[in-house]
Amino acid sequence: MKVVILAGGLGTRLAEETTVRPKPMVEIGGRPILTHIMSWYAAHGFNEFIVALGYKGEMIKQYFLNYYALNSDITVKLGSGDVTVHDGARDDWIVHLVDTGALTMTGGRLLRLKKWLLSEECFMMTYGDGLADVDLKALLAFHRSHGKLATVTSARPPARFGAIRLKGNQVVRFAEKPQAGEGWINAGFFVLSPKVLDYIEGDETIWERAPLERLALDGELMAYRHEGFWQPMDTLREKQLLEELWQSGNAPWRVKR
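Mapped onto full-length UniProt numbering, the consecutive letters of the sequence shown carry residue numbers 1 to 257.
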């Protein structure tokens, strides 16, 4: 099953880091946050990724082109140009790096991946700047059990995130970034049918607005309630929080390598 990771935004709220790199390449524990997300999926058996690139996407391409050299000891014979990569990272991942436009919105990025996704029964999708300890196999089983087009993982962080109103496990209303109130919010970690692409008009479509709102109104959006850890990295303070968790050895998303 393919996992789409949206990795093309400007990351303006984390400008201290993102003026020189795309937000998914900001490091936690000496590794880009993007690879932490991928490691969590891979630990659950999902190891084929489509990374939707935009702002400074060439840096993400360069990182994966040099992945083993950057994560291993190497020997370079300058006379011949031969390079030997010694024991190091051996992640058995397939990574598709797809340019989805510098200024494309989240829904538009997903629509630009249409040819990669139409043959799938369903696919997973998340953002390249949030970490969690979601049970991904349970999430997928939940999605398959209800037969709807879309499942969103919901969590309970602060009210500045999009609110989800639930009736049982069905989403009956989706409102991005309400002005007040607390409740279940959009934590990413979606499971989606390719049919959701019909809800996206073009590059300017924001996934979290019209598509999710329409899916909810059509009764096609369900929520997987996640009671565990979830933390986005929108600000320098949140980046420092994630770093402190990693350095403490208590990072809930940590995968043994």
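Quick reminder that beta carbons are idealized off the backbone N, C-alpha and C, glycines included.
Every value quoted in this text rests on a predicted model; they were computed, and no experiment measured them.
Item, Value
"Anticipated Cβ contact below 8 Å, P252 with D133, distance rounded", "4 Å"
"Limits of the beta strand (DSSP E) - the one that K77 falls within", "72-77"
"Backbone secondary structure at A210 - three-state DSSP", "helix"
"Inter-residue spacing [alpha-carbon to alpha-carbon] between Q179 and N169", "Because the pLDDT at Q179 is just 46, under 50, the model does not fix this residue reliably, and the value given afterwards should be weighed accordingly. Cα to Cα, the separation comes out at about 24 Å."
"Whole-Å CB distance - V171 paired with A223, under 8 Å assumed", "5 Å"
"Distance between beta carbons of G107 and I185, contact taken as under 8 Å", "About 18 Å separates the two Cβ atoms, so there is no contact after all."
"Best match in L110, G54, P157 for proximity to P194 [C-alpha to C-alpha]", "L110"
"Sequence-distant residues of the same chain with beta carbon closer than 7 Å to R13, five excluded per side", "D234, T235"
"Buried versus exposed call for Q247 [16 or more other C-beta atoms within 10 Å across all chains shown]", "exposed"
"The beta strand (DSSP E) enclosing K167, as first and last residue numbers", "163-167"
"Same chain, Cβ closer than 6 Å to G228, neighbours up to 5 away in sequence not counted", "D133"
"Proximity of L6 and Y127 at Cβ, strictly below 9 Å", "yes"
"Cβ shell of I94 (< 8 Å), same chain only, five flanking positions each side left out", "N47, E48, F49"
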